[in-house]
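Novice: Below are the structure tokens for one structure; questions will follow.
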Amino acid sequence: MYAWLIEDKGHRPMLRFEDGHTGIPVNLHLLTRQQFLRLIGRRVEIRSQLSPDHYTVRFPNPDDTLPI
5 MYAWLIEDKG
15 HRPMLRFEDG
25 HTGIPVNLHL
35 LTRQQFLRLI
45 GRRVEIRSQL
55 SPDHYTVRFP
65 NPDDTLPI
């Protein structure tokens, strides 16, 4: 399953799924706002669903990963 990384009204990362529902990525650790802005709109792979609203994700394209 895939979703797109978006920004919610509170300027936090959110996931938007194809059916329109949203979720919260729990393992996306962004250190700066610039890192977040570079990733908005990117597609992420859903790894697991921890609750009805919380998901673990990964970037399927190696170019989409954050530098460590």
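Numbered per this note's numbering, the sequence shown finishes at 72, counting up by one with no gaps. Note that CB positions come from ideal geometry on N, CA and C, so glycine has one too.
#1: Please give me, in chain order, every unbroken run of the beta strand (DSSP E) with length at least 3 that falls completely inside the region 12 to 55.
#2: How many whole angstroms separate the CB atoms of L32 and P17, which I take to be in contact at a CB cut-off of 8 Å?
#3: By Cβ distance below 7 Å, which residues in the same chain neighbour T26 in space, the five residues on each side in sequence not counted?
#4: Should Y59 be labelled buried (16 or more other beta-carbon atoms within 10 Å of its own) or exposed?
#5: In whole angstroms, what separates the C-alpha of D68 from that of I44?
#6: Just how far apart, CA to CA, sit E11 and D57?
Specialist: The structure says:
#1: 17 to 21, 26 to 29 and 47 to 53
#2: 6 Å
#3: M18, L19 and R20
#4: buried
#5: 11 Å
#6: 15 Å
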